[in-house]
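For this note's numbering, add 316 to where a residue sits in the sequence shown, where the first one is 1. The beta-carbon is built from N, C-alpha and C at its ideal position, and this holds for glycine as well. These figures come from a predicted structure and were not determined experimentally. Below is one structure, written out as structure tokens, with a few remarks after it.
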Amino acid sequence: MYISNLTVDYKEKRVLDRIHMAIQTGCITGIVGPNGAGKSTLLKAMLGLIRCESGEATLFDVPLHQIKQKIAYVPQRSEIDLTFPINVLEMVLLGTYPSLALTRKPKRREKEKALHALRQVDMESYQKKTNWRAFWGTTTTYFYGKSTRTRC
317 MYISNLTVDY
327 KEKRVLDRIH
337 MAIQTGCITG
347 IVGPNGAGKS
357 TLLKAMLGLI
367 RCESGEATLF
377 DVPLHQIKQK
387 IAYVPQRSEI
397 DLTFPINVLE
407 MVLLGTYPSL
417 ALTRKPKRRE
427 KEKALHALRQ
437 VDMESYQKKT
447 NWRAFWGTTT
457 TYFYGKSTRT
467 RC
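In structure tokens form, the structure reads like this:
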């Protein structure tokens with residue numbers, strides 16, 4: 317993976333300035349820094365989830381924004397509205413939308429795969445739960461389930 321000249325502005329303030337980075341295939345890499353340093357911003361910019369002023373991130377010479385449907389992003393708690401009226405199964409099903417036609421909703425096949433993803437992380441019994449605040453400790457596992465649906 318290569319990141320070249322990645323620059324991001326947020327509310328008229330430069331938050332990432334000409335970032336360059338190379339990560340070798342097979343390496344486990346951590347992005348470390350204090351709160352507000354730009355770690356999440358860097359990941360979102362790499363995936364094309366936020367607008368960059370310049371630069372790009374590539375994986376095997378393919379820009380990441382072109383293959384973002386194959387990459388899952390698990391957000392931090394602060395980025396999630398815990399009062400949003402959605403149950404766990406519906407959240408996992410959100411992982412199917414990038415591969416569906418614009419007007420198509422998930423069908424039985426997608427629901428079966430979503431339930432399989434929940435079974436993989438031992439969370440099938442939580443599929444109808446909506447009180448995210450009550451079980452935040454396991455919520456990251458739901459997002460993992462959603463991310464595995466992205467690949468199905």
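Pair within 8 Å by beta-carbon distance, residue i and residue j
{"i": "E369", "j": "T323", "result": "yes"}
{"i": "E426", "j": "L409", "result": "yes"}
{"i": "S441", "j": "E372", "result": "no"}
{"i": "H381", "j": "L363", "result": "yes"}
Cβ-based burial, residue i [other Cβ within 10 Å; buried from 16]
{"i": "E328", "result": "exposed"}
{"i": "P350", "result": "exposed"}
{"i": "Y326", "result": "exposed"}
{"i": "R467", "result": "For R467, the pLDDT reaches just 49, beneath the cut-off of 50, and the residue's location in the model is therefore unreliable, leaving the point undetermined."}
{"i": "Q443", "result": "buried"}
{"i": "A433", "result": "buried"}
Closest residue to residue i among the options (Cα-Cα distance)
{"i": "Y318", "options": "V348, E428, P379 and P422", "result": "P379"}
{"i": "V331", "options": "L358, C343 and S320", "result": "L358"}
{"i": "T446", "options": "I344, E406 and A430", "result": "E406"}
{"i": "I366", "options": "K384, M439 and D377", "result": "K384"}
Strand pairing of residue i, partner residues [DSSP]
{"i": "D325", "result": "R330"}
Is the region 399 to 407 touching the region 340 to 354, taking contact as three or more C-beta pairs under 8 Å?
No, because fewer than three Cβ pairs between the region 399 to 407 and the region 340 to 354 fall closer than 8 Å, the two stretches do not touch.
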